[in-house]
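A.B. asks: Residue numbers (my numbering): 5 to 132.
1. Throw me the rounded Cβ distance for the residue 81 and residue 105 pair, which I believe falls under 8 Å.
2. Return the chain-ordered ranges of every alpha helix (DSSP H) run that is complete within the stretch 78-121 and spans a minimum of 4 residues.
3. Taking only the alpha-carbon atoms, compute the straight-line gap between residue 6 and residue 103 and give it to the nearest angstrom.
4. From the DSSP output, which residues share a beta bridge with residue 63?
5. When the Cα atoms are used, what is the spatial distance from residue 56 to residue 33?
6. Should residue 87 and residue 101 be called a contact, given that it needs their Cβ atoms to be closer than 8 Å?
7. What does the alpha-carbon distance come out to for the pair residue 99 and residue 29?
8. For residue 37 and residue 26, I'd like the C-alpha separation in whole angstroms.
9. Can you tell me the Cα-Cα spacing of residue 44 and residue 132, whole angstroms?
10. Less than 8 Å between the C-beta atoms of residue 70 and residue 129, yes or no?
11. Judging by CA-CA distance, which residue of 77, 110, 41 is the nearest neighbour of residue 92?
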């Protein structure tokens, strides 16, 4: 019946609205026209901090060595795949990444506790 289909659709849309998502705050605008596509190799600078206390856990800037990866292929946490693909070339943004799109319940390498929300200061330097 139409009613049961509507009930299913409604509960699905409620489910999707509660899915975690990445918040992006632009610090420095990019060119506004060159965006990464799935599978592109990106060169980025980043600084990662814990949302709870601001403690830095990793930084390509401190190492003075930009980070390279392929976007949209699962090489990085989901929050990066979702947030970075919205950025244009040259953009520097703050990505607020909920735990479910970061390292989740397992955390990472003793530096990211379980269920930690993350903040990344990211800059898109190159798209190949």
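Just so you know, even glycine gets a beta-carbon here, dropped at the ideal spot from N, CA and C.
C.D. replies: The structure says:
1. Taking the first residue of the chain shown as position 1, residue 81 is located at position 77. Taking the first residue of the chain shown as position 1, residue 105 is located at position 101. Rounded, the Cβ-Cβ distance is 7 Å, consistent with contact.
2. 82-88
3. The sequence position of residue 6 within the chain shown is 2, counting from 1. The sequence position of residue 103 within the chain shown is 99, counting from 1. At residue 6 the pLDDT is 44, less than 50, meaning the model places this residue with poor confidence and gives no usable figure here.
4. Mapped onto the chain shown, residue 63 falls at position 59. BP columns for residue 63 point to 51.
5. One-based indexing of the chain shown puts residue 56 at position 52. One-based indexing of the chain shown puts residue 33 at position 29. Taking the straight line from one Cα to the other gives about 27 Å.
6. For this step, residue 87 is matched to residue 83 along the chain shown. For this step, residue 101 is matched to residue 97 along the chain shown. Yes, the pair counts as a contact, with Cβ atoms nearer than the cut-off.
7. Taking the chain shown and counting its residues from 1, the one referred to as residue 99 is at position 95. Taking the chain shown and counting its residues from 1, the one referred to as residue 29 is at position 25. Distance between residue 99 and residue 29, taken at the CA atoms: about 7 Å.
8. Sequence index remark: in the chain shown, residue 37 carries index 33 (1-based). Sequence index remark: in the chain shown, residue 26 carries index 22 (1-based). Going by C-alpha positions, residue 37 is about 21 Å away from residue 26.
9. Taking the first residue of the chain shown as 1, we reach residue 44 at position 40. Taking the first residue of the chain shown as 1, we reach residue 132 at position 128. Going by the C-alpha atoms only, they are around 6 Å apart.
10. Start at 1 with the first residue of the chain shown, and residue 70 comes out as number 66. Start at 1 with the first residue of the chain shown, and residue 129 comes out as number 125. Closer than 8 Å, so yes.
11. Walking along the chain shown from the start, residue 92 turns up at place 88. Looking at the Cα atoms, 41 is the closest of the given residues.
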